[in-house]
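To keep things clear, I will list the structure first and then write my remarks on it.
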Amino acid sequence: MDILFISFAPVAVIAGYILFRDKYEKEPFRLLFLALLAGALIVIPILAVESFLSRLGESLEGLLSAAWSAFVVAGFTEELFKFLALYLLIWKSPEFNEKYDGIVYGTFISLGFASVENVLYVMQDGYATGFLRALTAVPAHAIFGITMGFYFGMARFYPQQQRNLKLIALSLPILLHGIYDFILMTEIEWLWIVFLGFVVYLYISGFRRMKNLSDRSIFRTDFDLLNKSFGPKDENS
Numbered sequence: 010m011d012i013l014f015i016s017f018a019p020v021a022v023i024a025g026y027i028l029f030r031d032k033y034e035k036e037p038f039r040l041l042f043l044a045l046l047a048g049a050l051i052v053i054p055i056l057a058v059e060s061f062l063s064r065l066g067e068s069l070e071g072l073l074s075a076a077w078s079a080f081v082v083a084g085f086t087e088e089l090f091k092f093l094a095l096y097l098l099i100w101k102s103p104e105f106n107e108k109y110d111g112i113v114y115g116t117f118i119s120l121g122f123a124s125v126e127n128v129l130y131v132m133q134d135g136y137a138t139g140f141l142r143a144l145t146a147v148p149a150h151a152i153f154g155i156t157m158g159f160y161f162g163m164a165r166f167y168p169q170q171q172r173n174l175k176l177i178a179l180s181l182p183i184l185l186h187g188i189y190d191f192i193l194m195t196e197i198e199w200l201w202i203v204f205l206g207f208v209v210y211l212y213i214s215g216f217r218r219m220k221n222l223s224d225r226s227i228f229r230t231d232f233d234l235l236n237k238s239f240g241p242k243d244e245n246s
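Here the sequence shown stands for residues 10 to 246, numbered as in the numbering used here.
What follows is the structure in structure tokens.
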């Protein structure tokens, strides 16, 4: 029970915040559940592909080995499967009716994956690893999903730039994921300072992207503007 709590608590908190920011047109529970489930299920092919790619890179050493593992084995494989799951789940869905929906479903798929990954790590390495990942790896996966969903949502509603935006939706999370893992895999002590700065950057960029699309929702009604236009007038004016 403790393992499940440590594994799923950060996922639940982040998912709750993502839904809280989706203020103007809520997503159906069925599709949210499918997004989480899809994220959990892609663990199976991801593990198979990562195992194959790891064997291909066995001859590499030092920083080259770290770069291969971070950018190709982990970053490319995991973000590619997340992207495919996101595309298959919502690209043609009538529920995909505003840009912020890309963030919602992109993040939920990432959280589904992160929850299973977290269970595996906690079972293998213990509670301390679970607590550390709750503050770092799980939010990082969420932010990779936010980044993917941001550009995926833009691609859906800007058809003239659709190809480039889809490419960014895939490639930028791969890059961010690769940098995150590479810093950790090098095991160079002074890079921990860089790592902490990078984590702060991920948090800030994630919040900004959420706020950007949430505040620009096509379902938003500017009640302040309506009140100013049609509300009671100031007697002194």
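Ideal Cβ placement from N, Cα and C applies to all residues, glycine included.
Round the Cβ separation of residue i and residue j to the nearest angstrom and send it over; I've been treating them as touching at under 8 angstroms.
i, j, result
"Leu40", "Glu104", "6 angstroms"
"Arg218", "Phe159", "4 angstroms"
"Glu107", "Glu34", "6 angstroms"
"Phe17", "Ser124", "6 angstroms"
"Tyr189", "Pro148", "The Cβ separation is near 11 angstroms, so there is no contact."
"Pro296", "Phe90", "The question about residue 296 has no answer, for the chain in this structure spans 10 to 246."
Only counting the same chain, and skipping five residues up and downstream in sequence, which positions put a Cβ closer than 7 angstroms to that of residue i?
i, result
"Tyr195", "It is Thr, not Tyr, that sits at residue 195 in the sequence shown. Only Leu72 and Ala75 meet the Cβ criterion."
"Ala4", "No statement about residue 4 is possible, as the shown extent of the chain runs from 10 to 246 and does not include it."
"Tyr114", "Ala44, Leu95, Leu98, Ile99 and Gly158"
"Asn127", "Ser16, Gly139, Arg142 and Val147"
"Ile227", "Glu107"
"Ser180", "none"
"Leu62", "Val81, Val82 and Thr86"
"Leu56", "none"
Nearest by alpha-carbon distance to residue i: which of the options is it?
i, options, result
"Leu184", "Pro37, Phe207, Trp201 and Gln170", "Phe207"
"Ala94", "Ser78, Val81, Phe117 and Val82", "Phe117"
"Lys101", "Val52, Phe42, Ile152 and Phe161", "Phe161"
"Val22", "Pro54, Val131, Ala143 and Pro37", "Ala143"
"Gly215", "Tyr26, Gly135 and Thr156", "Thr156"
"Trp77", "Ile192, Asp224 and Tyr130", "Ile192"
"Phe92", "Lys32, Gly48 and Ile202", "Gly48"
"Gly154", "Ile53, Ile202 and Ala178", "Ala178"
Just to confirm my understanding: we take residue i, look at its own chain, exclude 5 residues before and 5 after, and list those with CB closer than 8 angstroms. What are they?
i, result
"Thr145", "Val208"
"Leu46", "Gly121"
"Phe239", "Its pLDDT being 49, under 50, Phe239 is placed unreliably by the model, and nothing is read from it."
"Phe14", "none"
"Leu235", "Model confidence at Leu235 stands at a pLDDT of 48, short of 50, so the residue's coordinates are unreliable; what they give is reported in the following sentence. Hits under 8 angstroms: none found."
"Gln170", "Met163 and Ala164"
Can you name, in chain order, every residue of its own chain whose Cβ lies under 6 angstroms from the Cβ of residue i, other than the five neighbours on each side?
i, result
"Gly84", "Ile183, His186 and Gly187"
"Ser223", "Arg30 and Tyr109"
"Asp134", "none"
"Asp243", "A caution first: Asp243 carries a pLDDT of 48, below 50, which makes its placement in the model unreliable, though a value can still be read off. Taken in chain order, the list of residues that qualify is empty."
"Phe204", "Ile192"
"Leu50", "none"
I want to see whether chain C comes within less than 8 angstroms of residue i, judged by CB atoms only; does it?
i, result
"Val208", "In summary, chain C is missing from the structure at hand, where a single protein chain is found."
contact_flag[the stretch 156 to 166, the stretch 131 to 143] where n(CB pairs < 8 angstroms) is 3 or more: At 8 angstroms Cβ cutoff, the stretches do not touch.
Touch test, the stretch 108 to 120 against the stretch 54 to 70, Cβ-Cβ under 8 angstroms, three pairs minimum: Short answer: they don't touch.
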